[in-house]
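Visitor:
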Amino acid sequence: MSMLRLRGFEIHKGYLDPEVQRSLIETLRPVLRSAPLFSPTVPGGGKMSVRMTSAGAFGWYSDEMGYRYSDHHPKGFDWPAIPEAILDLWRDVTGLQRQPDCCLLNYYGEGAKMGLHQDKDEADFSFPVVSISLGDDGMFRIGGNRRGGKTDTIWLNSGDVVVMGGEARLAYHGVDRIRFQSSRLLPKGGRINLTLRVVT
Ligand code: SIN
Ligand code: FE2
Numbered sequence: 761m762s763m764l765r766l767r768g769f770e771i772h773k774g775y776l777d778p779e780v781q782r783s784l785i786e787t788l789r790p791v792l793r794s795a796p797l798f799s800p801t802v803p804g805g806g807k808m809s810v811r812m813t814s815a816g817a818f819g820w821y822s823d824e825m826g827y828r829y830s831d832h833h834p835k836g837f838d839w840p841a842i843p844e845a846i847l848d849l850w851r852d853v854t855g856l857q858r859q860p861d862c863c864l865l866n867y868y869g870e871g872a873k874m875g876l877h878q879d880k881d882e883a884d885f886s887f888p889v890v891s892i893s894l895g896d897d898g899m900f901r902i903g904g905n906r907r908g909g910k911t912d913t914i915w916l917n918s919g920d921v922v923v924m925g926g927e928a929r930l931a932y933h934g935v936d937r938i939r940f941q942s943s944r945l946l947p948k949g950g951r952i953n954l955t956l957r958v959v960t
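Going by my numbering, the first residue of the sequence shown is number 761, and it counts up by one from there.
1) Quick one: is D861 buried, meaning 16 or more other Cβ sit within 10 Å of its Cβ, or exposed?
2) Could you please go through the chain and list the residues whose beta-carbon is closer than 6 Å to any non-hydrogen atom of the ligand FE2?
3) Among R793, V921, R951, which one has its Cα closest to the Cα of V853?
4) Could you spell out the range, first to last residue, of the alpha helix (DSSP H) harbouring L788?
5) Could you check if T960 is buried or exposed, using at least 16 other CB atoms within 10 Å of its CB as the buried criterion?
6) Are the beta-carbon atoms belonging to I785 and Y867 less than 9 Å from one another?
7) Hey, would you say V889 sits closer than 9 Å to G926, going by beta carbons?
8) Quick check on DSSP: helix, strand or coil for D912?
9) Pull up the DSSP beta-bridge partners for S891, would you.
10) Output yes or no for whether 9 Å exceeds the beta carbon distance between I771 and M763.
11) With distances taken between CB atoms, is the gap from G903 to R811 smaller than 9 Å?
12) Shortest alpha-carbon distance to R907 belongs to which of M899, F887, G934?
Laid out in structure tokens, this is it:
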């Protein structure tokens with residue numbers, strides 16, 4: 761395990777060992793069963809290539825009307841609770857008493873990517889966003905607080921944890937591409953990224 765800092769992003773390489781990664785995947789199975797993945801529509805009308813779902817009091821949602829948090833899955837039911845093991849991880853990395861109220865689960869299948877964006881639908885930017893990578897490698901692109909500035913990339917591998925706080929909290933970031941089936945954590949391949957957020 762090693763920690764590197766890039767533009768305020770704290771990147772903990774290899775934070776989760778393979779055993780913990782496997783147990784997290786098991787923990788996520790019931791979440792995915794009760795809150796199936798969906799492909800959000802973006803305000804322009806297109807579909808995101810990343811499929812998503814959430815756990816917690818709030819889940820991230822998007823449609824023609826815009827981006828927002830919602831207290832229910834698009835099919836109408838409540839989001840499942842955030843698993844204890846994931847809340848423990850948040851406490852380990854942040855040292856905060858306050859718990860996140862959203863665990864967004866992004867699934868990147870072959871060819872999926874996520875454009876540069878800021879996470880700014882939350883009420884209080886003094887709380888960090890914690891990102892956990894599982895499965896295939898993903899090329900993470902990070903910039904500053906303005907669109908169009910200089911950017912850097914770093915590969916995120918299974919087990920890496922990134923803390924986006926302080927100057928990185930409102931920094932642009934995205935995922936250019938994944939290396940499909942570079943990991944064997946998920947039997948069918950793909951990348952799962954969890955982001956833990958304090959929404960309210
Ligand atoms: C996100 O910004 O929501 C996801 C970042 C990632 O997949 O690493
Ligand atoms: Fe994000």
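Virtual Cβ for every residue (Gly too), placed ideally from N, Cα, C.
Bear in mind that the values here come from a model prediction, so they are computed numbers and not experimental data.
Guide: Reading off the structure:
1) By the 10 Å Cβ count, D861 comes out buried.
2) Residues with a Cβ closer than 6 Å to any heavy atom of the ligand FE2, in chain order: H877, D879, H933.
3) The shortest Cα separation from V853 among R793, V921, R951 belongs to V921.
4) Boundaries of the alpha helix (DSSP H) around L788: 778 to 794.
5) Exposed, since its Cβ has fewer than 16 Cβ neighbours within 10 Å.
6) Cβ distance not < 9 Å, so I785 and Y867 don't count as in contact.
7) Annotated as distal: V889 and G926, with beta-carbon spacing of 9 Å or more.
8) Strand.
9) Secondary-structure assignment with DSSP links S891 through a beta bridge to V922, T955.
10) Yes, these two residues count as a Cβ contact at 9 Å.
11) No; because the gap between Cβ atoms is not below 9 Å, this pair is not in contact.
12) Just measuring C-alpha positions, the residue of M899, F887, G934 sitting nearest R907 is G934.
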